[in-house]
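K.L.:
Residue numbers (the working numbering): 17 to 792.
1) What does DSSP give as the partner residues of residue 292 in its beta bridges?
2) When you compare the CB positions of residue 446 and residue 510, do they come within less than 8 Å of one another, or not?
3) Just list the beta strand (DSSP E) runs in the stretch 98-182, keeping only unbroken ones of 3 residues or longer that don't cross its boundaries, in chain order.
4) Going by DSSP, what residues sit across from residue 63 in a beta bridge?
5) Could you spell out the range, first to last residue, of the alpha helix (DSSP H) harbouring residue 708?
6) Quick one: residues in its chain with C-beta nearer than 8 Å to the C-beta of residue 501, no 5 flanking neighbours on either side, listed in chain order?
7) Taking the runs of the alpha helix (DSSP H) that are 4 residues or longer, which of them lie wholly in the stretch 521-568?
8) Count the other CB atoms within 10 Å of the CB of residue 5; is the residue buried (16 or more) or exposed (fewer)?
9) Within the same chain, show all residues whose beta-carbon is closer than 7 Å to that of residue 582, passing over the 5 residues directly before and after it, in chain order.
10) Which one or two residues does DSSP pair with residue 464 in a beta bridge?
11) Which residue comes first and which comes last in the alpha helix (DSSP H) that contains residue 483?
12) Any contact of the stretch 224-240 with the stretch 621-636, i.e. 3+ C-beta pairs under 8 Å?
13) Between the C-alpha atoms of residue 602 and residue 593, what's the straight-line distance to the nearest angstrom?
14) May I ask you to report which of helix, strand or coil DSSP gives residue 272?
15) Please state if the CB of residue 514 and the CB of residue 410 are separated by a distance shorter than 8 Å.
16) DSSP on residue 655, reduced to helix/strand/coil?
17) Spatial neighbours of residue 669 within its chain, please: CB distance less than 8 Å, with the 5 preceding and 5 following residues excluded, ordered by chain position.
18) Which residues in the same chain have their Cβ closer than 6 Å to the Cβ of residue 260, if we skip the five residues on either side of it in sequence?
19) Would you identify the three-state DSSP class for residue 241, choosing helix, strand or coil?
20) Just the Cα atoms here: how many angstroms apart are residue 710 and residue 716?
21) Between 585, 440, 619, which has its C-alpha nearest residue 763's C-alpha?
22) By Cβ distance, which residues of its chain are closer than 6 Å to residue 106, with the 5 residues on each side in sequence left out?
23) If distances are taken between C-alpha atoms only, which option among 344, 574, 753 comes closest to residue 662?
24) Between residue 86 and residue 68, what straight-line distance do the alpha-carbon atoms span, to the nearest angstrom?
25) Which residue's Cα is closest to the Cα of residue 392: 154, 488, 215?
26) So if DSSP puts residue 606 in a beta bridge, which residue, or which two residues, is it bridged to?
27) Give the straight-line distance between the Cα atoms of residue 454 and residue 390, rounded to the nearest whole angstrom.
28) Please report how far the alpha carbon of residue 215 lies from the alpha carbon of residue 111, in whole angstroms.
29) Starting from residue 791, follow its DSSP beta bridges and name the residues at the other end.
30) Three or more C-beta pairs under 8 Å: does that hold for the stretch 289-308 against the stretch 319-332?
31) Rounded to whole angstroms, how far is the Cβ of residue 566 from the Cβ of residue 607, which I believe are closer than 8 Å?
32) Give the DSSP-derived three-state secondary structure of residue 436 in the structure shown.
33) Do the CB positions of residue 95 and residue 130 come within less than 8 Å of each other?
34) Is it buried or exposed for residue 51, if we count other Cβ within 10 angstroms and need 16 for buried?
35) Considering only residues of the stretch 26-50, which uninterrupted beta strand (DSSP E) runs meet the minimum length of 3 residues and lie entirely inside it, listed in chain order?
36) How would you label residue 147, buried or exposed, when you count the other beta carbons within 10 angstroms and need 16 or more for buried?
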């Protein structure tokens, strides 16, 4: 440790720290622009000049290493004079447009100019002009003359997002920040550049000129779009959400959020937002009715089915977007009616997966522990799309030496060094894990497990095994593609055996914002109950659907819609009319996460409660209240809760950590060899994951939401007689789609990659089906 004195106060900091770090430890503020605690030190702005005794001139606090006995003055006459001189230079070319700047009121330059700027400029020359840049649908760079060249945005792209999308051209007065040859900024974390820009050069394009910052009320919430559980601040004007920004929580999301978390609010109040209860008449026409009439229609319809076909003919389907309280009451309602058919995992296709896990599957460690792993194996995950903030943590870990390996069927560049990658068709992922397990057993001097007998270990599997065996803190992380596979139980068992052989942890990168909460709430089938996939495949007589858009949320969306249409009665608790009007008998308007109180449980098992940030739209009501009233109308026991907190407390009674368990009770083994048919590799694009995101226009305009194409290895395209850029017809057992073929070395040979959750690919059916491809 090094001891120094700053403004008369002594402080100890680790060797190698800068003066800025020591000042921060004391709680002393040193004015700065380019310094950011999560970014490398650039010392561009020089605003943090301080006086260091025995130094001939003022020194930048962010780039001056501490030494024993150093004496620093941050607000002496010499330091303040230097800071004021820097401010004068920064303002020479800065435009005087604060009254119309979106950054006004929360601008770092504006705040510091009050304390360190002059009342008038001594410079009479014309200010420089920098032409605006087009950075895509999310970031506005219309006022680049405001840029002070702190390079925070450039360093963020390189160091946090992992891709250098912005850079600086030219020198001196001609310097300017620009994109690479005019391309849009496409990173899934790009919106954080808006937050860290200390001036109004980079602002939010969807928010642009819609409100002033001092008009906004700020309310904390939790993002529901993935299992990170990012903490956010929802900024509200009147009863409308105007902007979403991160709330710093080092243990969860640090100070970052993904663009999906940031811009999805644009999908909250779209034209198809359901604001009143609706009932379909005998002629198929929709009519607005009162809540009382709508709920009576629900009771009548469900009772009619129960009396005619029994309670087992009723199914309850939730969503990982629903709060824990809503899922708990949905499960309680279904069981109160006498049905065990309750599930929220619409994309899970292995009916035995629930019984294969002894408890509630979770990450297996705190989120922050991802930073400290020595070696990681990620199985069946499109990491950057599924969990962008987990990918960011592993990116920082990889920089510090963590070895990250992948087993997958298709590979997107994770934007960090990959130790090794083993590609396998979706049906052969269990065998790829078996190869790694067999190699690990040999390294450890153990007998190869009987379940993996006869496996040939590939060079890639050997490298993965070497990486895992060399690490002290090791994890095997099972991704979304793996848990939704028809072989999810076998994959989980094989992953557990690999983790045990590596003396590491097994974790699940759970899909959706509240998968762990859904398990804890009991919203999964027990006994002879059917899973969501079974309900929608076999067909039931009545359905209760909560927060789901089965057309795009289910594994086989077209089959799901057909099944729901064929049912005698279906009630949709939804925020959007278009999500249910094709199949529902009654639509009940319920509030999205910004308009209700509730709890989401992230992948690490952290329960995070929140309150509504705006009043419900129209006659919308919180989902938990609607379900409670439905229970009362059916005269069921246990529906007496007056607050969401009391529902939450009943779910989390006892020690929740004891209920989290990744122990796999199914047996490891090998998958049978697949026929020569072309397998489908299905990814869920980052901006097509849930109903809110799919309705957010700025996100749908982003390159990541472009129309789906067929991507295949060049050798596979040659085998099919197709050239990259040609139009092809893709056929499955349930339908077909016409797509553009595109060569992609990242897709395993013998398979084709086709995205789900698009209308264009809906007819192809299951994400794990067999396909045929022909030229048009």
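Beta carbons are placed, not taken as given, at the ideal position from N, Cα and C, and that holds for glycine.
P.N.:
Concretely, from the data shown:
1) Residue numbering aside, residue 292 sits at position 276 when the chain shown is read from its first letter. Bridge partners of residue 292: none, in fact.
2) If you number the chain shown from 1, residue 446 lands on position 430. If you number the chain shown from 1, residue 510 lands on position 494. Judged by their CB atoms, residue 446 and residue 510 are nearer to each other than the 8 Å cut-off.
3) 155-157
4) By one-based count along the chain shown, residue 63 stands at place 47. Paired residue(s): none; residue 63 is not in a bridge.
5) Locating residue 708 in the chain shown gives position 692, where the first residue counts as 1. Note, residue 708: alpha helix (DSSP H), 707-710.
6) Locating residue 501 in the chain shown gives position 485, counting from the first residue. Within the same chain, residue 501 has close Cβ partners 365, 366, 396, 442, 445, 507, 784.
7) 531-536, 548-554
8) This structure cannot speak to residue 5, because the chain is shown only from 17 to 792.
9) Residue numbering aside, residue 582 sits at position 566 when the chain shown is read from its first letter. Around residue 582: 555.
10) Position 448 of the chain shown, counting from 1, holds the residue named residue 464. Note: residue 464 sits in no beta bridge, so no partner.
11) Here residue 483 is taken as the residue at index 467 of the chain shown, counted from 1. Here the alpha helix (DSSP H) through residue 483 covers 475-486.
12) With the rule of 3 Cβ pairs closer than 8 Å, the stretch 224-240 counts as touching the stretch 621-636.
13) In the chain shown, the residue the question calls residue 602 occupies position 586. In the chain shown, the residue the question calls residue 593 occupies position 577. About 11 Å.
14) Residue numbering aside, residue 272 sits at position 256 when the chain shown is read from its first letter. In the structure shown, residue 272 sits in coil (DSSP, three-state: anything other than H, G, I, E or B).
15) In the chain shown, residue 410 corresponds to position 394, counting from 1. In the chain shown, residue 514 corresponds to position 498, counting from 1. Taking 8 Å as the Cβ cut-off, residue 410 and residue 514 do not qualify as a contacting pair.
16) Here residue 655 is taken as the residue at index 639 of the chain shown, counted from 1. Looking at residue 655 - three-state DSSP - the assignment turns out to be coil, as it is neither helix nor strand.
17) Position 653 of the chain shown, counted from the first residue, corresponds to residue 669. For residue 669, where only same-chain residues beyond five positions count, there are no Cβ hits under 8 Å.
18) As a working mapping, residue 260 is identified with position 244 in the chain shown. Within the same chain, residue 260 has close Cβ partners 248, 250, 278, 281.
19) Residue numbering aside, residue 241 sits at position 225 when the chain shown is read from its first letter. Coil, per DSSP.
20) Here residue 710 refers to the residue found at position 694 when the chain shown is read from its first residue. Here residue 716 refers to the residue found at position 700 when the chain shown is read from its first residue. C-alpha separation (whole angstroms): 7 Å.
21) In the chain shown, the residue the question calls residue 763 occupies position 747. Taking only the C-alpha atoms, the option nearest residue 763 is 440.
22) Looking up residue 106 in the chain shown gives position 90. The residues are 164.
23) As a first step, residue 662 must be located in the chain shown, where it is residue number 646. Among 344, 574, 753, the Cα nearest to that of residue 662 is on 344.
24) Within the chain shown, the letter at position 70 stands for residue 86. Within the chain shown, the letter at position 52 stands for residue 68. C-alpha separation (whole angstroms): 7 Å.
25) Along the chain shown, read from residue 1 onward, the residue named residue 392 stands at position 376. With distances taken between Cα atoms, residue 392 lies closest to 488.
26) Within the chain shown, the letter at position 590 stands for residue 606. In DSSP, residue 606 forms a bridge with 637.
27) Along the chain shown, one-based indexing puts residue 454 at 438. Along the chain shown, one-based indexing puts residue 390 at 374. Going from the Cα of residue 454 to the Cα of residue 390 covers about 21 Å.
28) Reading the chain shown from its first residue, position 199 is the one you call residue 215. Reading the chain shown from its first residue, position 95 is the one you call residue 111. Spanning the two alpha carbons is a distance of roughly 11 Å.
29) Taking the first residue of the chain shown as position 1, residue 791 is located at position 775. According to DSSP, which records beta bridges pairwise, residue 791 is partnered with 744.
30) no
31) Stepping through the chain shown from its first residue, residue 566 is reached at position 550. Stepping through the chain shown from its first residue, residue 607 is reached at position 591. Not really, about 20 Å apart at Cβ, beyond 8 Å.
32) One-based indexing of the chain shown puts residue 436 at position 420. Strand.
33) Within the chain shown, residue 95 is the residue found at index 79, counting from 1. Within the chain shown, residue 130 is the residue found at index 114, counting from 1. No, the pair does not count as a contact, with Cβ atoms beyond the cut-off.
34) The residue you call residue 51 lines up with position 35 of the chain shown. Answer is buried; the Cβ neighbour count reaches 16.
35) none
36) Start at 1 with the first residue of the chain shown, and residue 147 comes out as number 131. A residue is called buried once 16 or more other Cβ atoms fall within 10 Å of its Cβ, and residue 147, having fewer, is exposed.
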